[in-house]
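Novice: Residue numbers (our numbering): 1219 to 2286.
Using N, Cα and C, we set each Cβ at its ideal position, and we do this for glycine too.
Bear in mind the structure is a predicted one, so any value in this text is a computation, not a measurement.
#1: Relative to the C-alpha of residue 1610, which residue among 1573, 1725, 1585, 1628 is closest?
#2: Per the contact definition of three or more C-beta pairs closer than 8 Å, is the region 1645 to 1657 in contact with the region 1672 to 1680?
#3: Taking the CB atoms as reference points, tell me whether residue 1944 and residue 1903 lie closer together than 8 Å.
#4: Could you have a look at residue 1250 and say whether DSSP puts it in helix, strand or coil?
#5: Among 1378, 1375, 1385, which has the Cα closest to the Cα of residue 1346?
#6: Label residue 2180 either buried or exposed according to how many other C-beta atoms from any shown protein chain fall within 10 Å of its C-beta, with 16 as the threshold for buried.
#7: Could you have a look at residue 1606 and say whether DSSP puts it in helix, strand or coil?
#8: According to the neighbour-count rule (16 or more other Cβ atoms, all chains shown, within 10 Å of its Cβ), is residue 1272 buried or exposed?
#9: DSSP three-state label for residue 1647, please.
#10: Are the beta-carbon atoms of residue 1410 and residue 1436 separated by less than 8 Å?
#11: Can you give the Cα-Cα distance for residue 1571 and residue 1779, rounded to whole angstroms?
#12: Run through DSSP, which three-state label would residue 1258 get?
#13: Got a sec? Which residues, its chain only, sit under 6 Å from residue 1581 by beta carbon, not counting five neighbours each side?
#14: At what residue ranges does the region 1813 to 1861 contain a whole run of the alpha helix (DSSP H), taking only runs of 4 or more?
#15: Assign residue 1871 to one of three DSSP states: helix, strand, or coil.
#16: How many whole angstroms separate the CB atoms of residue 1992 and residue 2047, which I take to be in contact at a CB cut-off of 8 Å?
#17: Contact check, residue 1867 vs residue 1911 under 8 Å by CB: the rounded distance?
#18: On the CB-based measure, 16 or more other CB atoms within 10 Å of its CB, does residue 1285 come out buried or exposed?
#19: Where do the N-terminal and C-terminal ends of the alpha helix (DSSP H) with residue 2130 fall, by residue?
#20: Helix, strand or coil for residue 1242, going by three-state DSSP, please let me know.
#21: Could you tell me whether any Cβ in chain D is nearer than 8 Å to the Cβ of residue 1312?
#22: Specify the secondary structure class of residue 2137 as computed by DSSP and reduced to three states.
#23: If you follow the alpha helix (DSSP H) that residue 1634 is in, where does it begin and where does it stop?
#24: Between 1724, 1555, 1769, which has its C-alpha nearest residue 1708's C-alpha?
#25: Does the beta-carbon of residue 2021 have 16 or more other beta-carbons within 10 angstroms, so that it is buried, or is it exposed?
#26: Identify, in the order they occur along the chain, each residue of the same chain with its Cβ nearer than 6 Å to the Cβ of residue 1451, setting aside the five sequence neighbours on each side.
#27: CA-CA distance, residue 1259 and residue 1507?
#28: Touching or not, the region 1745 to 1752 and the region 1812 to 1823, by the rule of three or more beta carbon pairs under 8 Å?
#29: For residue 1435, which of helix, strand or coil comes out of DSSP?
#30: Here's the rule I'm using: 16 or more other beta-carbon atoms within 10 Å means buried, otherwise exposed. How should residue 1896 be labelled?
#31: Which residue or residues does DSSP assign as beta-bridge partners of residue 2179?
#32: Could you name each continuous alpha helix (DSSP H) segment of 4 residues or more that falls completely within the region 1736 to 1816, going from the start of the chain to the end?
#33: Roughly how many angstroms separate the alpha carbons of residue 1640 and residue 1629, rounded to a whole number?
#34: Can you tell me the Cβ-Cβ gap for residue 1407 and residue 1364, rounded? I've got them flagged as a contact below 8 Å.
#35: Run through the region 1383 to 1421 for me and flag every whole beta strand (DSSP E) of 3 or more residues, listed as ranges in chain order.
#36: Touch check for the region 1456 to 1466 and the region 1502 to 1521: three-plus C-beta pairs under 8 Å?
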């Protein structure tokens, strides 16, 4: 045979017989397809030449298929002959390079011809060849060809198992043959078949009967890398199907290898095989092994995980984390994540063994540029922390715990929010008592964790938010960013909540209160108290502002549920601070916030967790506020009643402000025994009371006033009797809302009277507020019946000194302290309601000494600024009765006289001063004058508190009385021997101090002496005018008088009295 010419590529011996259309002249070197086929068929042609021809055919089919294939289509016989020739050569050639070319051309022909009959023809030929082959050794090319056909033709697997199923039996035989190349080819083909679900279903029986044991045995005994990889590849395909996994994991291998030393009775063979691959130290095999484990576990961790755990595979998985292969680390993470579904994984302490390499692995991944790997590691960390049993400590030493905290803080600071979000979830899981309870407890580390999370959350830029639904790419990205931020914030709040729970749990642990490992004379910052203070501080400075800032853009029930529940726990973090915390939150409108959340998201049965969180928060805060607002100790019974009322009703109060007012105005059905509606109304009133008392105006005042009026009528109509704490709420709310509402009608006032009449102690319903006092003063019916008790309660609650009120009266509206505000309010109320003064004077008689003193001090300051002279007339008549009663009660014994008498006398003197003109001495004035004279006569010079205002009153009575009545006053004064003797004693004190270098008398005695001289001088003058009879004479030594004058040069009052006496030069 002549060789191939350089051009064209034809066989001269055969070419003349061939039709010219088989010559491919368009090629750079024309090729005759018929010559090529004849050359391949010829026995005498060398393998090198045949290889060249096959190579040329491959190139032609690859590069010019559109022009060559139509030629072959024109003659099906030639096509079949061509395929048969190539397949026949495949059986006789042993050179692997030629075999690969032949298989490639065959596959190209079948694929490009796109006719099933050629595929069936080829499969039939494969079947015939496998049947006539004497030994399996010669079947390798057929198996390889079938594998390549499976790669190239999508429907190959279905075609093979449905129409050429006899071939499958030969595949199973191939796995028994010792040649690992044949086994590798068969495994590869099996893998392609089982990759197609429909084909796998057809092969189910074949798998159970023959393939299961063969695959596992093959994998177990495989030595070459090719067979190991192909058998693992087949295994991975089989593990996609649950029924196959069940069969594989049930195979123990005893029948196949009863002498295997690695197997125990009932053990599954596959975990041991995969364990062997894991120990191979070959990264590819290790990845494949872990992928197979994950493929099994994903079907049912509870069913299959124990087999791997009993084989101690988790231990070796953790060991694999020391590598630097990202694919292997990912596979190990996935496998371990599935193992965490089984409790045995933790109870056998695999996590305790592997936590250190795992933490190091997570730390290393944070330095890689593989976000998914970082997320997977942190997700696994979270699951381990969450599911680790409390009785088995995960961290066996502080160093490991600190490493874990360090890794988490680094992950939280990661700029990729997805990674940071996973880290925050892990932080939430690590904040568990059994994880952090080391002696000493690392409160400082926990504090850093919480602060890092909230700071990271605070640093997140708020994505622009739009309520419009955006379907373009930018809109989707924006919504995704908003969702990520929301999830991050929620996870951060969960971490904060867990930290608060930790602080509460440690309160019951004496060893956790203060760490013992502290140097002498040094302060330990790692204490529970410091940690609790930090939580309160961070909640106020970061946590609450963060949520409020985010809620301005979008309110998410999940976030608010975690947030509110965390705040509920805060009440227990520092028990001695819960009242201050409740007041601060109430003043920041948290009652209104919770009610709005419940109304918006919790209607019906929706968002039960948020409803429960809000209800629990309101319950804790309301109880704390109630306790903090009470001056007296709240009884345990009342506290229990309020607690039960709130627990029953708060979950049901999911109404808007308008709906709440409507509910408050409803009247329960008298025939219905269910008290739900009335209890809800009580609860609403209690909430409104606490909110309004802390400036949280939940509803408009006028609307609330109207609703409460309707409620009062309903209560009266039903004959109900609200508990005292609800009556207190009603009175306070009416008082607060009165200024924006109409006056109460008679029916409502009647209802209030009936309710108050039932209450024996009005202190149970009293709230110390000026508007409540004004409310009672505004309605005469209420004032007449309850004014005495209300005013007594007002003064019993007031805490002030005389000097404070005198300062308040002087400053007027400049001072904004509570005492000044209350005093100014009281003054305004007294001006508007003079009749209330009578009640005040009644308190002087019948009230406690403390209350009486406060009343007198208040009246004293009121008289200093009062301008209504009729008030003075009213007071004078009452003063007489009060003085008489006080003196009678003490049997006129000065030593036993009430301390309120001096104040009363001061008031009497102030009343006298209010009269600008001379007055006639009426019957009241006469009796008052005589009473004061008799009182003075029973005093000693040392009773300055009584004598000072009394002498001032007597002196002013002389000066302010008209001439026709003045003589009576003089007679009364001079006829009282005890009074004149008292004056003599006081005047005698004038020169007692002149013999000493320094004064021996207090300023009060000095003032009394001056008042005595003034009164004496006035008496001398008036006695001279009226020539009144004198019953007792006072002797004065002129020298001593002038010496005293020289001694008291600065006393103006003393000189006035002295000069008056000198001018008269009168001697009694």
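Specialist: In this structure, then:
#1: Locating residue 1610 in the chain shown gives position 392, where the first residue counts as 1. When only C-alpha atoms are compared, the closest one is 1573.
#2: Too few Cβ pairs lie closer than 8 Å, so no.
#3: Taking the first residue of the chain shown as 1, we reach residue 1944 at position 726. Taking the first residue of the chain shown as 1, we reach residue 1903 at position 685. Residue 1944 places its beta carbon less than 8 Å from that of residue 1903.
#4: Against the chain shown, residue 1250 aligns to sequence position 32. Strand, per DSSP.
#5: As a position in the chain shown, residue 1346 is number 128, starting the count at 1. Out of 1378, 1375, 1385, the CA that lies nearest to the CA of residue 1346 is found in 1385.
#6: Within the chain shown, residue 2180 is the residue found at index 962, counting from 1. Under this definition residue 2180 is an exposed residue.
#7: Along the chain shown, read from residue 1 onward, the residue named residue 1606 stands at position 388. Here residue 1606 carries a coil assignment [DSSP, helix/strand/coil].
#8: The residue you call residue 1272 lines up with position 54 of the chain shown. Classification for residue 1272: buried.
#9: Here residue 1647 corresponds to residue number 429 of the chain shown, with the count starting at 1. It is helical.
#10: Position 192 of the chain shown, counted from the first residue, corresponds to residue 1410. Position 218 of the chain shown, counted from the first residue, corresponds to residue 1436. Between residue 1410 and residue 1436, the C-beta spacing is not below 8 Å.
#11: Numbered from 1 along the chain shown, position 353 holds the residue referred to as residue 1571. Numbered from 1 along the chain shown, position 561 holds the residue referred to as residue 1779. Using only the alpha carbons, I get a separation of about 37 Å.
#12: Along the chain shown, one-based indexing puts residue 1258 at 40. Look at residue 1258 here: in three-state DSSP terms it is helix.
#13: Position 363 of the chain shown, counting from 1, holds the residue named residue 1581. Cβ neighbours of residue 1581 within its own chain (closer than 6 Å, five residues either side excluded): 1625.
#14: Counting whole runs of 4 or more residues, the region 1813 to 1861 contains the alpha helix (DSSP H) stretches 1826 to 1847.
#15: Reading the chain shown from its first residue, position 653 is the one you call residue 1871. Looking at residue 1871 - three-state DSSP - the assignment turns out to be coil, as it is neither helix nor strand.
#16: Here residue 1992 is taken as the residue at index 774 of the chain shown, counted from 1. Here residue 2047 is taken as the residue at index 829 of the chain shown, counted from 1. Rounded, the Cβ-Cβ distance is 6 Å, consistent with contact.
#17: In the chain shown, the residue the question calls residue 1867 occupies position 649. In the chain shown, the residue the question calls residue 1911 occupies position 693. About 19 Å; that fails the 8 Å criterion.
#18: Along the chain shown, read from residue 1 onward, the residue named residue 1285 stands at position 67. By the 10 Å Cβ count, residue 1285 comes out exposed.
#19: Against the chain shown, residue 2130 aligns to sequence position 912. Residue 2130: member of the alpha helix (DSSP H) spanning 2118 to 2131, first to last residue.
#20: On the chain shown, residue 1242 is found 24 positions in, with the first residue counted as 1. If DSSP states are grouped into helix, strand and coil, residue 1242 belongs with the strands.
#21: Absent here is chain D; the protein component of the structure consists of one chain.
#22: If you number the chain shown from 1, residue 2137 lands on position 919. Strand at residue 2137.
#23: Walking along the chain shown from the start, residue 1634 turns up at place 416. Here residue 1634 belongs to no alpha helix (DSSP H), and DSSP marks it neither H nor E.
#24: Along the chain shown, read from residue 1 onward, the residue named residue 1708 stands at position 490. The candidate whose alpha carbon is nearest that of residue 1708 is 1769.
#25: For the purposes of this step, residue 2021 is identified with residue 803 of the chain shown, where counting begins at 1. Annotation note: pLDDT 47 at residue 2021 (below 50); position unreliable, no value reported.
#26: Taking the chain shown and counting its residues from 1, the one referred to as residue 1451 is at position 233. 1409.
#27: Walking along the chain shown from the start, residue 1259 turns up at place 41. Walking along the chain shown from the start, residue 1507 turns up at place 289. The alpha-carbon atoms of residue 1259 and residue 1507 are separated by roughly 47 Å.
#28: Result no; under three Cβ-Cβ pairs closer than 8 Å.
#29: Stepping through the chain shown from its first residue, residue 1435 is reached at position 217. Helix, per DSSP.
#30: Counting from 1 along the chain shown, the entry for residue 1896 is found at position 678. Burial call: buried.
#31: Taking the first residue of the chain shown as position 1, residue 2179 is located at position 961. DSSP, once it has assigned bridges, lists 2137 as partnering residue 2179.
#32: Qualifying alpha helix (DSSP H) stretches, in chain order: 1746 to 1756, 1762 to 1769, 1775 to 1791, 1796 to 1805.
#33: Counted from its first residue, the chain shown places residue 1640 at position 422. Counted from its first residue, the chain shown places residue 1629 at position 411. Each residue's Cα considered, the two are about 8 Å apart.
#34: The residue labelled residue 1407 in the question sits at position 189 within the chain shown. The residue labelled residue 1364 in the question sits at position 146 within the chain shown. Right, their Cβ atoms sit about 5 Å apart.
#35: For the region 1383 to 1421, not a single whole beta strand (DSSP E) run of length 3 or above is found.
#36: At 8 Å Cβ cutoff, the stretches touch.
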